[in-house]
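In what follows, a single structure is set out as structure tokens and then discussed.
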Amino acid sequence: MKLTELLLNGFSFKEILKQFSMDQSEIKIQDEDLILSRKDLSNIEILKERILIQGKSTSGIVNLFGTLHYNLMNQLAVFELDSVETKAVA
Numbered sequence: 000m001k002l003t004e005l006l007l008n009g010f011s012f013k014e015i016l017k018q019f020s021m022d023q024s025e026i027k028i029q030d031e032d033l034i035l036s037r038k039d040l041s042n043i044e045i046l047k048e049r050i051l052i053q054g055k056s057t058s059g060i061v062n063l064f065g066t067l068h069y070n071l072m073n074q075l076a077v078f079e080l081d082s083v084e085t086k087a088v089a
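In numbering that gives the first Met the number 0, the protein residues as written are 0 to 89.
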């Protein structure tokens with residue numbers, strides 16, 4: 000299952016998107032495939048990784064920087080927001 004789908008199952012992540020007026024269908028986790036293809040995932044119960052989530056909002060592009068906490072056994076993901084960067088669309 001994609002990390003994006005797991006995050007969208009959580010109430011708090013949906014609230015972050017709502018706060019920045021981001022469309023759920025327009026978000027992308029940078030290097031998501033690279034994170035999920037790590038060879039050491041079978042030895043880890045909980046993965047903690049710094050990530051960038053990029054999405055579109057009514058005012059432009061929004062970059063969410065933070066930490067992904069991903070429980071591999073239970074297929075649960077939580078995003079801990081650190082900072083936000085917005086870029087207006089010209």
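Don't be surprised by glycine CBs; every beta carbon is placed ideally from N, CA and C.
Cβ neighbours of residue i in the same chain (closer than 7 Å, five flanking residues each side left out)
i: residue 6; result: 12, 76 and 78
i: residue 87; result: 58 and 59
Same chain, Cβ closer than 6 Å to residue i, five either side skipped, listed in chain order
i: residue 54; result: 21, 25, 26 and 61
i: residue 81; result: 64 and 65
Alpha-carbon spacing of residue i relative to residue j, whole angstroms
i: residue 30; j: residue 52; result: 10 Å
i: residue 17; j: residue 23; result: 9 Å
i: residue 85; j: residue 56; result: 9 Å
i: residue 28; j: residue 50; result: 7 Å
Coarse secondary structure for residue i, derived from DSSP in three states
i: residue 13; result: helix
i: residue 86; result: strand
Cβ-Cβ separation, residue j to residue i (assumed contact under 8 Å), whole Å
i: residue 34; j: residue 48; result: 6 Å
Spatial neighbours of residue i in its chain, beta-carbon cut-off 8 Å, leaving aside the 5 residues before and after
i: residue 83; result: 19, 61, 62, 63 and 64
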